[in-house]
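This report concerns only the one structure given below.
There are 2 protein chains.
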Amino acid sequence: MTLPARDHHDATPVLAIIGGGQLARMMAQYAVPLGLPLRLLAEAPGVSAAQVIVDSEVGDYRDLDTLRKVTDGCAVVTFDHEHVPTEHLVALTEAGVACRPGPGALVHAQDKRVMRARLDELDVPSPRHALVADPAAVEAFAERVGGFPVVLKTTRGGYDGKGVWVVGSAAEAEDAFAVAASTNVSILAEEKVDFRRELSALVARSPSGQAAAYPVVESVQVDGICKEVVAPAPDLAEDLAVEAQQIALKVAGALDVTGILAVELFETTDGRVLVNELAMRPHNTGHWSMDGAVTGQFENHLRAVLDLPLGSPDARQPWTVMVNILGGDVGRLYDGYPHVFARDPRLKVHLYGKDVKPGRKVGHVTAYGDDLDDVRERARHAAAWFQGDLGMESE
Amino acid sequence: MTLPARDHHDATPVLAIIGGGQLARMMAQYAVPLGLPLRLLAEAPGVSAAQVIVDSEVGDYRDLDTLRKVTDGCAVVTFDHEHVPTEHLVALTEAGVACRPGPGALVHAQDKRVMRARLDELDVPSPRHALVADPAAVEAFAERVGGFPVVLKTTRGGYDGKGVWVVGSAAEAEDAFAVAASTNVSILAEEKVDFRRELSALVARSPSGQAAAYPVVESVQVDGICKEVVAPAPDLAEDLAVEAQQIALKVAGALDVTGILAVELFETTDGRVLVNELAMRPHNTGHWSMDGAVTGQFENHLRAVLDLPLGSPDARQPWTVMVNILGGDVGRLYDGYPHVFARDPRLKVHLYGKDVKPGRKVGHVTAYGDDLDDVRERARHAAAWFQGDLGMESE
Chain A
1 MTLPARDHHD ATPVLAIIGG GQLARMMAQY AVPLGLPLRL LAEAPGVSAA
51 QVIVDSEVGD YRDLDTLRKV TDGCAVVTFD HEHVPTEHLV ALTEAGVACR
101 PGPGALVHAQ DKRVMRARLD ELDVPSPRHA LVADPAAVEA FAERVGGFPV
151 VLKTTRGGYD GKGVWVVGSA AEAEDAFAVA ASTNVSILAE EKVDFRRELS
201 ALVARSPSGQ AAAYPVVESV QVDGICKEVV APAPDLAEDL AVEAQQIALK
251 VAGALDVTGI LAVELFETTD GRVLVNELAM RPHNTGHWSM DGAVTGQFEN
301 HLRAVLDLPL GSPDARQPWT VMVNILGGDV GRLYDGYPHV FARDPRLKVH
351 LYGKDVKPGR KVGHVTAYGD DLDDVRERAR HAAAWFQGDL GMESE
Chain B
1 MTLPARDHHD ATPVLAIIGG GQLARMMAQY AVPLGLPLRL LAEAPGVSAA
51 QVIVDSEVGD YRDLDTLRKV TDGCAVVTFD HEHVPTEHLV ALTEAGVACR
101 PGPGALVHAQ DKRVMRARLD ELDVPSPRHA LVADPAAVEA FAERVGGFPV
151 VLKTTRGGYD GKGVWVVGSA AEAEDAFAVA ASTNVSILAE EKVDFRRELS
201 ALVARSPSGQ AAAYPVVESV QVDGICKEVV APAPDLAEDL AVEAQQIALK
251 VAGALDVTGI LAVELFETTD GRVLVNELAM RPHNTGHWSM DGAVTGQFEN
301 HLRAVLDLPL GSPDARQPWT VMVNILGGDV GRLYDGYPHV FARDPRLKVH
351 LYGKDVKPGR KVGHVTAYGD DLDDVRERAR HAAAWFQGDL GMESE
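Top to bottom, those sequences are chains A and B. Take 1 as the starting number for the first sequence in full-length UniProt numbering and just add one per residue. Take 1 as the starting number for the second sequence in full-length UniProt numbering and just add one per residue.
Here it is in structure tokens:
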């Protein structure tokens with residue numbers, strides 16, 4: 001049986017990516033086998049993704065004309081980060097460019113006030129919270145949730161621990177309000193949850209409404225930066241794992257998310273899960289899936305934003321551990337290879353082509369296998385070696 | 001413990017690749033996570049690898065000045081194909097560019113006469129063979145090996161079934177000699193081996209002498225083109241599998257191969273393995289390893305040519321089947337995705353960004369799992385769908 005002829009190869013849709021960081025770089029890695037042409041808008045020449053995407057230009061993602069130019073002729077545009085102004089996304093959508101995720105979804109990852117209000121409407125369990133206008137309001141909020149400390153967050157612009165304060169008194173809240181005033185954002189107060197650990201529930205969702213839920217993982221944060229992820233979360237009660245996945249699927253559907261949605265959660269000491277943050281893009285807590293799942297998050301993000309059927313998110317082995325490599329005092333990361341590869345022939349390394357700066361995410365390593373202790377030791381050792389500090393290995 | 005500071009990131013060695021086909025493209029895919037800068041010499045603008053390598057120029061690999069220019073400043077040069085003239089590789093080596101594999105090794109993949117002579121010296125089992133100058137010599141050779149048919153091959157320049165003839169008489173040999181005369185190459189006669197099937201033994205080898213041997217696979221050829229690979233080769237006797245791996249390791253060591261060496265073998269009906277061909281680059285019979293092994297052949301090729309420790313070549317599951325997608329009458333391959341991805345969420349697809357032409361290798365699909373019949377059916381169906389002809393599925 002011969003199938004009917006299809007259109008010519010040249011018409012393969014072009015996917016635009018806004019933002020040239022490591023997430024765009026890893027999308028590009030998975031666009032190669034899928035045969036997908038990409039066009040990149042990079043912040044500066046030679047940034048992480050610009051090193052590996054041929055059709056790349058430099059410009060400002062806050063400028064609508066630049067966005068129009070780079071997406072011209074592209075079927076779909078997706079994002080390395082959540083910072084493109086909502087009104088520009090609306091303008092692109094109106095001009096016929098499919099923004100995935102779209103502005104109506106993305107605003108929930110851009111604005112914590114909008115996110116919290118929507119999750120409340122959806123009855124999604126969250127920490128108690130309130131917008132606060134001044135230190136007196138923080139004091140009142142603290143009284144309502146059982147006292148200090150409370151968490152203050154800028155409603156927009158925070159990431160990797162920036163724009164977040166844990167304050168022990170109304171007086172300590174002054175810093176947050178100073179930042180908020182200088183950047184013209186509001187402050188959201190949240191109860192400081194008594195949590196056992198942090199979890200992450202990742203789903204891919206397509207415009208057609210198909211979704212794929214990854215196994216729920218444990219995420220270890222250090223100074224607000226994701227340091228280590230264990231997939232699946234060890235000893236997580238089955239009902240909590242299912243609840244976390246259902247929350248992610250519910251949020252993705254209700255907000256019409258397209259692409260990857262990461263829902264970061266607290267597992268409380270009294271056995272609940274509460275939503276901490278949302279991210280609408282491939283997420284650090286999903287990097288384990290590149291080597292550890294049948295379909296990695298970057299491949300599923302590409303498939304989702306192009307409305308192609310999704311790949312299986314199942315794990316390929318019992319345990320996978322991902323550890324981030326943060327910039328240290330080591331210089332050339334390449335020189336870490338002889339040791340880490342010879343010590344562990346099953347290790348997977350991902351370097352992002354970024355200049356090494358203290359505390360900056362410059363890569364990650366992944367180990368997988370049957371024995372969690374062994375897998376974790378291998379991943380931690382390799383990341384510690386790249387960072388030039390074996391002292392962190394036993395953390 | 002803090003380790004001593006290392007050199008700066010900027011000095012990461014640049015790897016040059018000569019030739020812009022799908023093998024270079026897949027090397028590029030694996031250079032992304034390793035953070036390796038690449039420089040490409042492409043045959044023409046927009047060829048497969050040029051679509052995904054930023055630092056790319058167009059030129060003729062038969063021109064030494066072009067080769068010198070593209071490798072200037074590169075630590076190492078490796079190859080998408082085996083057609084760079086041996087004398088140019090010698091000149092580059094003398095100028096201090098590490099050619100991997102080097103000219104002394106590569107000549108054995110370029111010239112079948114040299115290859116056969118060297119394998120004889122090494123006591124590596126091969127089909128009986130002789131250089132033949134004319135049809136009368138073919139007649140004499142046929143008498144010596146038990147009669148026609150015999151196989152004639154050009155000593156240089158053949159690939160994918162080109163430059164190979166199976167002849168039933170001396171008269172039928174005229175075509176081969178006409179081609180040989182017009183291209184100034186010689187003709188090698190080989191006995192037509194009575195074989196059960198074709199096998200491939202792949203090894204990665206580094207300049208330091210480390211080697212990694214992949215599981216021996218069964219390769220199904222149609223019209224001289226690799227169509228399907230099953231890893232590992234089903235029902236292969238353990239002693240023959242070990243012998244095939246040992247042959248590949250012996251050849252790689254004796255010829256000082258760096259990078260991937262593929263040894264294509266016949267498994268004879270009387271239970272021997274005989275070397276058919278050598279290839280010194282990532283090979284079609286190794287594509288299964290991208291999704292099916294801990295370390296795919298392209299990653300190990302990069303690690304080997306840069307003299308970094310090699311990754312484990314172990315399979316990640318009992319069975320992996322790779323089926324090539326050959327160009328058919330289908331137009332845009334992209335339109336195959338909705339069906340193949342929805343039918344099989346565990347399928348892996350690799351499209352090469354090449355124009356679809358009848359018979360041309362334009363991609364491959366891989367399926368893996370516990371049940372060989374299921375895995376093979378999934379891979380065959382997907383490839384057949386992309387080719388637009390489900391009639392081939394049951395082949």
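For glycine and all other residues, C-beta sits at the position ideal for the given N, C-alpha and C. These numbers come from a predicted model, not from an experiment.
From the options, residue whose alpha carbon lies closest to that of residue i
i, options, result
"G163(B)", "A31(B), L15(B), A170(B) and I225(B)", "I225(B)"
"V222(A)", "F341(A), D355(A) and L326(A)", "L326(A)"
"G259(B)", "A212(B), R197(B) and V114(B)", "A212(B)"
"R197(B)", "M290(B), S48(B), V217(B) and G311(B)", "V217(B)"
"L306(B)", "C74(B), D270(B), A117(B) and A279(B)", "C74(B)"
"L131(A)", "L255(A), T154(A), R376(A) and F148(A)", "T154(A)"
"A237(B)", "R25(B), K192(B), V54(B) and D270(B)", "D270(B)"
"G157(B)", "V179(B), A173(B) and V54(B)", "V179(B)"
"V356(A)", "L333(A), T366(A) and V375(A)", "L333(A)"
"D72(B)", "I18(B), V52(B) and A44(B)", "I18(B)"
"D60(A)", "V52(A), S48(A), L40(A) and Q51(A)", "L40(A)"
Contacting residues, own chain, Cβ-Cβ under 8 Å from residue i (five flanking each side not counted)
i, result
"H339(B)", "W385"
"P125(B)", "I247, R272, V273, L274 and V275"
"T12(B)", "G35, L36 and P37"
"H129(A)", "R116, L188, A189, E190 and E191"
8 Å Cβ cutoff, residue i in contact with chain B
i, result
"Q29(A)", "yes"
"R100(A)", "no"
"Q51(A)", "yes"
"F195(A)", "no"
"F341(A)", "yes"
"P318(A)", "no"
"H350(A)", "yes"
"V214(A)", "Sequence check: residue 214(A) is Tyr here, not Val. Y214(A) does not count as touching chain B."
Residue i to residue j span [Cα, whole Å]
i, j, result
"D370(A)", "D239(A)", "23 Å"
"H381(B)", "H108(B)", "37 Å"
"L23(B)", "L122(A)", "50 Å"
"A315(A)", "K227(A)", "20 Å"
"residue 397(B)", "Y368(B)", "Nothing about residue 397(B) can be reported from this structure: the residues present for chain B run from 1 to 395 only."
"L310(B)", "Q317(A)", "22 Å"
"A252(B)", "H83(B)", "19 Å"
"T66(B)", "A42(B)", "11 Å"
"V229(A)", "T366(B)", "28 Å"
Endpoints, alpha helix (DSSP H) assigned at residue i
i, result
"M280(A)", "That residue, M280(A), is in no alpha helix (DSSP H); it is neither H nor E in DSSP."
"V375(A)", "L372 to Q387"
"I247(A)", "E238 to A254"
"E218(A)", "Unbroken run through E218(A) is the beta strand (DSSP E), V217 to V222; no alpha helix (DSSP H)."
Chain-order list of residues whose beta-carbon lies under 7 Å from that of residue i (same chain, five-residue window excluded)
i, result
"G388(A)", "G328, D329 and V330"
"Y30(B)", "G296, F298, E299 and L302"
"D175(B)", "W165"
"V97(B)", "T71, C74 and V77"
"G359(B)", "L326 and G327"
"T93(A)", "C99, G102 and P103"
"F141(B)", "A130, V132, V150 and A189"
Any C-beta of chain A under 8 Å from that of residue i
i, result
"P282(B)", "no"
"S182(B)", "no"
"G311(B)", "yes"
"A137(B)", "no"
"R346(B)", "yes"
"L40(B)", "no"
"T12(B)", "yes"
"P207(B)", "no"
"V321(B)", "no"
N- and C-terminal bounds of the beta strand (DSSP E) containing residue i
i, result
"N324(B)", "W319 to L326"
"R156(A)", "Taken as a continuous stretch (DSSP letters only), R156(A) belongs to no beta strand (DSSP E), as it is neither H nor E."
"H83(A)", "No beta strand (DSSP E) holds H83(A); DSSP gives it neither H nor E."
Own chain residues within Cβ distance below 6 Å of residue i, not counting five before or after
i, result
"S312(B)", "V294 and T295"
"L308(A)", "none"
"L257(B)", "According to the sequence shown, residue 257(B) is Val rather than Leu. Cβ neighbours of V257(B) beyond the five flanking positions: P101, A105, R205 and M280."
"A233(A)", "L199, V216, V217 and E218"
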